[in-house]
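Asks:
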Amino acid sequence: MKRKVLVSLVALLGIGLHAGEPAVPEAGFAPTAEVAAPAGEPAAIKDGYALLNSLLTLFENLLLEKKPAPGEEKVTKGGLALVDERLSQLGIDSKAALEAGLIDKIFFHRFRRLLMHYKLIITPVVRGDLLKDLFARAFDDFTWSVTYERWAWEDKDGIAKMAAAVEEEFVQLMIYLDTRQKRDELKKKIGMRMLPPPPPPPGKKKSEVKKPE
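The sequence shown: position 33 = 23 (our numbering), numbered continuously.
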């Protein structure tokens, strides 16, 4: 029951973030997720903004999961099965974006961690499951690394902590993309001040100094 509430809350969180200010600014990067590739050509590679937008809309337009009638093959996926398929595709898309140079390694690994977190959320865990402690450690590690809040199954506010951590990670990744140029400038300034100045070149030895003719 708690997992169903958690999935619903994270879904609503994504819809709420997506319904607010657009993740892609009006100027700057183009929303590649909105650009369809011509027929017969491979799909356009998504940049960081498009990847985040796709993850925010993960739970949109889901079909109801229906059991096929006896002897009937299952044609379409729905519910969490479709969410799982979308997560797998985003994993492929993020790797393609990294290889194309549209995102850096920092964004790539943080985005992949968010994908794995969603994967754990939609994966059923039954009471007494041998993997329950493994899931708990993963959820606790995620919330602690993002919001410095400890998480446990028995926490009354565990769902709120989880949602807050997911929201914060989305915000941080969006800010990371928005400030790329500024961060490059700061790195140059900080790098010059962070290390001591290089020593002066060694002077010539007396024996090497030429005497005037």
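C-beta atoms are modelled at their ideal positions from N, C-alpha and C, and glycine is treated no differently. Everything numeric in this text was worked out from a predicted model, so none of it was measured.
Return the CA-CA distance between residue 72 and residue 111, expressed in angstroms with no decimal places.
Replies: Annotation: residue 72 to residue 111 spans about 14 Å, alpha carbon to alpha carbon.
Asks: Does DSSP classify residue 36 as helix, strand or coil?
Replies: Residue 36 falls in the coil class under three-state DSSP.
Asks: I'd like the list of long-range same chain contacts for residue 154, defined as Cβ closer than 7 Å, with 5 residues on each side in sequence excluded.
Replies: 137
Asks: Give the straight-line distance between the Cα atoms of residue 204 and residue 127, rounded to the nearest whole angstrom.
Replies: As displayed, the chain neither begins before -9 nor continues past 203, which places residue 204 out of reach and without an answer.
Asks: Which whole-angstrom value is the C-beta distance of residue 87 and residue 41, which I expect to be below 8 Å?
Replies: 6 Å
Asks: In angstroms, rounded to a whole number, what distance separates the CA positions of residue 156 and residue 187?
Replies: 42 Å
Asks: Taking the alpha-carbon positions, what's the residue 165 to residue 38 distance?
Replies: 11 Å
Asks: DSSP state of residue 91, grouped into three classes?
Replies: coil
Asks: Taking 7 Å as the line, does the beta carbon of residue 134 fall inside it for any heavy atom of the ligand ADP?
Replies: Among the components modelled here there is no ligand, and therefore nothing to report on the ligand ADP.
Asks: Helix, strand or coil for residue 156? Go by DSSP, reduced to three states.
Replies: helix
Asks: Please classify residue 118: does DSSP put it in a helix, a strand, or coil?
Replies: coil
Asks: Could you check if residue 14 is buried or exposed, using at least 16 other CB atoms within 10 Å of its CB as the buried criterion?
Replies: Confidence at residue 14 is low in this model, with a pLDDT of 34, below 50, so its placement is unreliable and the value that follows should be read with caution. Classification for residue 14: buried.
Asks: How about residue 130 and residue 142: do their beta carbons lie closer than 8 Å?
Replies: Going by C-beta atoms, residue 130 is nearer than 8 Å to residue 142.
Asks: For the alpha helix (DSSP H) holding residue 147, just list the boundary residues, first then last.
Replies: Here residue 147 belongs to no alpha helix (DSSP H), and DSSP marks it neither H nor E.
Asks: Could you give the first and the last residue of the continuous alpha helix (DSSP H) run that contains residue 176?
Replies: 170 to 184
Asks: Helix, strand or coil, according to DSSP, for residue 75 in the structure here?
Replies: helix
Asks: Would you decide whether residue 163 is buried or exposed? Buried here means 16 or more other CB atoms lie within 10 Å of its CB.
Replies: buried
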